[in-house]
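A.B. asks: With this note's numbering, you'll find the sequence shown wraps up at 626, consecutive numbering, no jumps. Yeah, the Cβ is synthetic: ideal placement off N, Cα and C, and Gly gets one too. Please see the structure below; I have some questions.
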Amino acid sequence: MASSEASGSHSVEEIPDSSLHSDFSKQRLKDGVVYYENLLLENDLIMESSSDTLSEDAMLIGRELYNSTLDVLSEKKFISDEELIHAQEECIEGNFEAIADDSHDDYVPDEKKFKKSDFITLEYKIKVLNVAKAHPTWKLDTLQKHGCGHLKRMDHLKVWEKDVEQGGTKFDKFHVIDSWTYDRFVEMRRNYKQVTTRNLQQWALAAASQFPDLQFKASNRWVAKFKQRHNICQRKITRFVSEKETYSIETILASAETFRLQTKQLISNFNSDFIINTDQTGCQYQSHFNRTLTDKGSKTVFANVQDMNKLSHTYTAQYSITLSGKLLPQVFICLQEPTGDFGPRIKQHVEEYVKKYRNVVVTSSKSGKLTTILYKKFLVKSLMPYVQKNKFLLLVDSWTGQTRAELYDEIFQDEEKMPTCTTKIIPPKCTPLVQPCDVYFYRQVKNFIKRLQSTADLLDKNYEIHSREDCLKIHSIVHHQLSAPIFHQMIQYAWFASGLCDTKKFFTNVNQACFSLDLLKTHCNCNKTAFICRSWCRKNVCFECFYHNYHSGSCTPDC
Ligand SMILES: [Zn+2]
Ligand SMILES: [Zn+2]
């Protein structure tokens with residue numbers, strides 16, 4: 068057969084479309100190449116026409132592009148999916164449709180049952196428990212006067228604490244799954260990222276894994292109801308994706324479960340201060356662009372799909388958390404710089420910032436994303452000072468820049484030059500299910516950042532916190548605040564919700580600890596309305612005193 072093809076004899080059989088040599092796929096690739104050239108032109112990366120001679124360098128680039136093209140063609144395939152947007156998103160060029168489904172929603176227990184006057188929500192219980200914990204000497208009537216009016220007997224506190232530990236009633240659990248999933252949807256759309264039906268199902272399953280006893284499969288019916296509840300529209304799309312993107316939900320769940328089993332086994336060999344999960348997270352500068360969008364509507368506002376490309380100002384932050392509930396002492400930030408490096412003047416400024424914000428390590432790249440070389444810098448500058456020569460377990464996702472074992476063995480060695488780092492790689496597509504940073508921790512970080520940015524906006528329309536310094540300062544603040552002991556249990560919870568440890572502790576999240584509603588009734592020393600209850604000293608301060616007067620380590624338990 069091979070010989071007849073090689074001899075060039077004409078076959079009467081049509082080559083199926085899946086062959087790279089079919090007319091169909093040759094035409095598709097030709098059009099793709101033309102489109103590719105246009106993209107380069109539009110972004111001012113190539114000349115209109117080629118020169119008369121072909122240089123050796125040009126040939127090297129060409130060959131490299133050819134090889135990558137072959138890789139893409141052999142690794143990726145077309146699949147169909149549904150792209151989702153919120154009904155409130157603006158200027159959408161048509162064909163998004165609301166979801167029609169009238170079937171009975173049997174996944175959410177009858178809400179009426181819970182509307183009885185004696186039904187107390189999980190959030191309320193958590194709030195009361197927090198107040199009671201903060202004021203152990205208060206009696207029932209004092210508690211009732213301080214926003215705990217529905218607490219009828221002191222011994223209910225014990226019962227409620229148990230409810231909270233178990234994650235609430237079945238209704239509470241479905242409510243948690245729903246709101247976690249919706250939060251993620253909103254966050255992704257705010258960052259101009261595509262969301263598909265598959266994403267929703269994965270997030271819902273990730274949220275459900277904190278309730279091991281709950282029967283929940285994120286079925287097609289559940290997801291249809293979810294879209295209806297939240298006013299989400301969809302359209303059919305084709306995606307060109309790698310093999311791993313096509314894994315079924317069942318496959319992903321199974322590999323997540325295997326990962327949990329294996330990791331739990333590994334965990335038993337290490338001190339919990341030395342079981343570390345680290346991950347990169349993409350962040351956006353607060354820009355005029357985002358602001359205009361936020362100003363247009365008072366409710367949830369999203370971007371025009373077409374505007375997504377405009378959002379080029381992004382940077383990467385990398386935090387590391389331990390199973391014991393601690394944050395590693397430094398956060399690693401990679402800023403986006405046009406040439407990849409800081410210019411001499413900017414470099415000088417950055418050096419000053421780093422002296423001011425000591426819990427931040429800064430680097431830069433053209434894209435604002437990390438490369439293997441920058442990741443190595445993270446290991447040396449941010450991880451090494453913490454682990455030193457101790458044995459440790461590091462959980463990282465399957466991003467290719469960080470999966471090579473020798474990368475770690477070169478850097479982390481004991482006195483005898485023996486490797487000290489054990490890595491456990493999170494399987495592809497499983498990170499929303501089993502990576503503690505992803506499952507809970509980064510959502511707390513993002514929430515904190517959002518609070519800072521939107522408050523700065525409200526206070527002064529002319530003041531934007533979007534400079535390099537603001538970006539470093541924000542992460543310095545967030546890192547400093549989240550390092551406080553009050554958040555140890557929140558970080559431990561991230562591991563529990565990922566299914567990597569069995570003990571669920573009562574915990575306080577960022578909103579409960581720092582931004583409770585009662586806070587607005589209190590005042591800062593300077594008499595302005597309080598913005599935050601600082602996590603270290605638990606003092607209520609206004610935004611100006613908190614943000615403008617912040618310097619690294621400016622808050623200690625005794626301040
Ligand atoms: Zn103040
Ligand atoms: Zn303080």
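Less than 8 angstroms between the C-beta atoms of F479 and T467, yes or no?
C.D. replies: The sequence position of residue 479 within the sequence shown is 412, counting from 1. The sequence position of residue 467 within the sequence shown is 400, counting from 1. In this structure, T467 does not lie closer than 8 angstroms to F479 by Cβ.
A.B. asks: According to DSSP, which residues form a beta bridge with R306?
C.D. replies: Translated into the one-based positions of the sequence shown, residue 306 becomes position 239. R306 pairs with I146.
A.B. asks: Please go through the same chain and pick out, in chain order, the residues whose beta-carbon is closer than 8 angstroms to the beta-carbon of L333, but skip the five residues on each side of it.
C.D. replies: Here residue 333 refers to the residue found at position 266 of the sequence shown. Once the five neighbours on either side are set aside, the close Cβ partners of L333 are L460, T489, K491.
A.B. asks: Would you be able to state if there are at least three C-beta pairs under 8 angstroms between the stretch 305–312 and the stretch 126–145?
C.D. replies: Yes, the stretch 126–145 touches the stretch 305–312.
A.B. asks: In terms of residues, what are the limits of the beta strand (DSSP E) holding T345?
C.D. replies: Mapped onto the sequence shown, residue 345 falls at position 278. 342–351 is the span of the beta strand (DSSP E), which, as asked, contains T345.
A.B. asks: Exposed or buried, what is Y614 when buried is set at 16 or more other beta-carbons lying within 10 Å of its beta-carbon?
C.D. replies: The residue labelled residue 614 in the question sits at position 547 within the sequence shown. Buried: at least 16 other Cβ atoms inside 10 Å.
A.B. asks: Report all residues from its chain with a CB closer than 8 angstroms to the CB of L224; omit the five preceding and five following residues, and keep chain order.
C.D. replies: Position 157 of the sequence shown holds residue 224. Only V195, L196, A199, L218 meet the Cβ criterion.
A.B. asks: Three or more C-beta pairs under 8 angstroms: does that hold for the stretch 128–137 against the stretch 274–281?
C.D. replies: Segments in contact, no.
A.B. asks: Report the rounded CA-to-CA distance for D481 versus F508, giving the unit in angstroms.
C.D. replies: Numbered from its first residue, the sequence shown carries residue 481 at position 414. Numbered from its first residue, the sequence shown carries residue 508 at position 441. Using only the alpha carbons, I get a separation of about 30 angstroms.
A.B. asks: For S583, count neighbouring C-beta atoms within 10 Å of its own C-beta (all shown protein chains included) and say buried if the count is 16 or more, exposed if not.
C.D. replies: For the purposes of this step, residue 583 is taken as residue 516 along the sequence shown, with counting starting at 1. By the neighbour-count rule (16 or more Cβ atoms within 10 Å), S583 is buried.
A.B. asks: Rounded to whole angstroms, what is the Cα-Cα separation between N266 and E483?
C.D. replies: Walking along the sequence shown from the start, residue 266 turns up at place 199. Walking along the sequence shown from the start, residue 483 turns up at place 416. Their backbone Cα atoms lie some 46 angstroms apart in a straight line.
A.B. asks: Take the Cβ of F515 as the centre, count every other Cβ of all protein chains shown within 10 Å, and call the residue buried at 16 or more, exposed below.
C.D. replies: Indexing the sequence shown from 1 puts residue 515 at position 448. Burial call: buried.
A.B. asks: Three or more C-beta pairs under 8 angstroms: does that hold for the stretch 149–157 against the stretch 290–302?
C.D. replies: Counting Cβ pairs under 8 angstroms, three or more are found: they touch.
A.B. asks: Please state whether DSSP places E164 in a helix, a strand or coil.
C.D. replies: Translated into positions along the sequence shown, residue 164 becomes position 97. DSSP places E164 in strand when its eight states are reduced to three.
A.B. asks: Do the stretch 441–448 and the stretch 323–343 touch if we need at least three Cβ pairs shorter than 8 angstroms?
C.D. replies: Judged by Cβ distances under 8 angstroms, the stretch 441–448 makes no contact with the stretch 323–343, as fewer than three pairs qualify.
A.B. asks: Taking all protein chains shown into account, do 16 or more other C-beta atoms lie within 10 angstroms of the C-beta of Q282, making it buried, or fewer, making it exposed?
C.D. replies: The residue given as residue 282 occupies position 215 in the sequence shown. Exposed, because fewer than 16 other Cβ atoms sit within 10 Å of the Cβ of Q282.
A.B. asks: Output the distance between the C-alpha atoms of F293 and K284, rounded to the nearest integer angstrom.
C.D. replies: Along the sequence shown, read from residue 1 onward, the residue named residue 293 stands at position 226. Along the sequence shown, read from residue 1 onward, the residue named residue 284 stands at position 217. Cα to Cα, the separation comes out at about 13 angstroms.
A.B. asks: Check for me: the alpha helix (DSSP H) holding V501 runs from which residue to which?
C.D. replies: Taking the first residue of the sequence shown as position 1, residue 501 is located at position 434. Start and end: 498–501.
A.B. asks: Closest to V262 by CA distance: which of Q269, A271, F252 is it?
C.D. replies: Mapped onto the sequence shown, residue 262 falls at position 195. Answer by Cα proximity: F252.
A.B. asks: Taking contact to mean at least 3 C-beta pairs separated by less than 8 angstroms, is the stretch 316–331 in contact with the stretch 493–507?
C.D. replies: Segments in contact, yes.
A.B. asks: Can you tell me whether T430 is buried or exposed, with buried defined as 16 or more other CB within 10 angstroms of its CB?
C.D. replies: Within the sequence shown, residue 430 is the residue found at index 363, counting from 1. The residue in question, T430, is buried, as its Cβ has 16 or more Cβ neighbours within 10 Å.
A.B. asks: Suppose only complete runs of 3+ residues qualify. What are the beta strand (DSSP E) ranges in the stretch 547–601, listed by chain order?
C.D. replies: Counting whole runs of 3 or more residues, the stretch 547–601 contains no beta strand (DSSP E) stretch at all.
A.B. asks: Can you list, in chain order, the stretches of the alpha helix (DSSP H) that have 4 or more residues and sit fully within the stretch 420–479?
C.D. replies: Complete alpha helix (DSSP H) runs here, min 4: 439–445, 451–454, 472–478.
A.B. asks: Which residues count as close to ligand 1 when the rule is a CB under 7 angstroms from any of its heavy atoms, in chain order?
C.D. replies: Those satisfying the condition are, in chain order, C591, N592, C593, K595, V608, C609, E611, C612.
A.B. asks: Below 8 angstroms CB to CB, which residues in the same chain sit around C612 once its five sequence neighbours on both sides are set aside?
C.D. replies: In the sequence shown, the residue the question calls residue 612 occupies position 545. Here the set comprises C591, N592, C593, K595.
A.B. asks: Thinking Q511 and L462 are a contact (beta carbons under 8 angstroms), I'd like their distance in whole angstroms, please.
C.D. replies: Residue mapping note: residue 511 aligns to position 444 of the sequence shown, counting from 1. Residue mapping note: residue 462 aligns to position 395 of the sequence shown, counting from 1. Incorrect: roughly 18 angstroms between the Cβ atoms, too far for contact.
A.B. asks: Could you check whether the Cβ of C497 sits closer than 8 angstroms to any Cβ belonging to chain D?
C.D. replies: As a matter of chain content, chain D is missing from the structure shown, which is built from one protein chain.
A.B. asks: Tell me whether P222 is buried or exposed, calling it buried when 16 or more other Cβ atoms sit within 10 Å of its Cβ.
C.D. replies: Counting from 1 along the sequence shown, the entry for residue 222 is found at position 155. Just to set this straight, residue 222 is Asp in the shown sequence, not Pro. That one is exposed.
A.B. asks: In terms of alpha-carbon separation, which member of D230, D537, D346, K423 lies closest to L394?
C.D. replies: In the sequence shown, residue 394 corresponds to position 327, counting from 1. If we check each option's Cα against that of L394, D346 comes out closest.
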